[in-house]
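Q: Please see the structure below; I have some questions.
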């Protein structure tokens, strides 16, 4: 079959298919669970033209994020309600996440993942249009459990990360009890900014090396931009140690 004929047949096929697209909006890109709170809320809104079914679950990143893997999710120390909800067009739904009290480290943050699957309703079609494509969309968002008695607020943690020059790499040592996510890392040489192509989330009391396109030995500062608790950006400069 020639390419042109395949293209024509594909066009005819898609002309006869109605696409049911999802329109679920999650109000937030990451969520913080302070240990002293009884629960936190996640707000969803259906911006689409059809009802949507939202399935929600939490995992710890160690297992397949497929919510059918129930055996892998039973040890998760959170309950989310409602786990399944119908959201009509242009309306909102509030999910409530509650910590069940299972033991978690108290000297550092713990990370989990909130999964929300958006399943749009079957569209109404006439008798001459019986074929349609239905897409489901799963959003996977970070959920940080933050113990009560950490020694300082997260805003003070960013400056406590130490940076070390190692040839074309910069090693960031996170000496804090917080997860810190870097959206960009760069140095400046001869008035030109050189960026690492890497982004990274550095776990508490761990380190990560960023590769740059130039040797960093002649630089004495590192420019960085992090993602804060609200999903926004905060940027600053730190000394670069040998």
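In mature numbering (1 follows the signal peptide of the UniProt record, and there is no 0), the protein residues as written are -22 to -1, 1 to 220. Virtual Cβ for every residue (Gly too), placed ideally from N, Cα, C.
Would DSSP call residue 136 helix, strand or coil?
A: If DSSP states are grouped into helix, strand and coil, residue 136 belongs with the helices.
Q: Could you name the residues that DSSP lists as bridge partners for residue 75?
A: Per DSSP, 18, 58.
Q: Can you tell me whether residue 53 is helix, strand or coil according to DSSP?
A: Three-state result, residue 53: coil.
Q: Kindly indicate which three-state DSSP category residue 163 falls into: helix, strand or coil?
A: In the structure shown, residue 163 sits in a strand (DSSP, three-state: E or B).
Q: Quick check: the region 121 to 128 against the region 88 to 96, are at least 3 beta-carbon pairs closer than 8 angstroms?
A: Yes: at least three Cβ pairs fall under 8 angstroms.
Q: Buried or exposed, going by whether 16 or more other CB atoms sit within 10 Å of the CB of residue 24?
A: Result: buried.
Q: Using only CA atoms, which one of 140, 164, 193, 40 lies nearest to residue 203?
A: Nearest option by C-alpha distance: 164.
Q: Between which two residues does the beta strand (DSSP E) carrying residue 40 extend?
A: It is not in any beta strand (DSSP E) - residue 40 carries neither H nor E in the DSSP assignment.
Q: How many Å lie between residue 113 and residue 61 at the Cα?
A: Between residue 113 and residue 61, the C-alpha separation is close to 20 angstroms.
Q: Starting from the Cα of residue 138, find the closest Cα among 217, 34, 191, 205 and give me that residue.
A: It is 217.
Q: Have a look at residue 147 and residue 180 and give me their C-alpha separation to the nearest angstrom.
A: Whole-angstrom Cα-Cα distance: 16 angstroms.
Q: Could you tell me which of 98, 87, 2 sits nearest to residue 72, measuring between CA atoms?
A: Checking every option, the nearest Cα to that of residue 72 belongs to 2.
Q: Please classify residue 213 as buried or exposed, where buried requires at least 16 other C-beta atoms within 10 Å of its C-beta.
A: Under this definition residue 213 is an exposed residue.
Q: With distances taken Cα to Cα, identify the nearest neighbour of residue 8 among 219, 220, 210.
A: Residue 210 is the option with its Cα nearest to residue 8.
Q: Taking the alpha-carbon positions, what's the residue 171 to residue 195 distance?
A: Straight-line Cα distance between these residues: approximately 15 angstroms.
Q: Rounded to a whole number of angstroms, what is the C-alpha to C-alpha distance between residue 54 and residue 85?
A: Whole-angstrom Cα-Cα distance: 19 angstroms.
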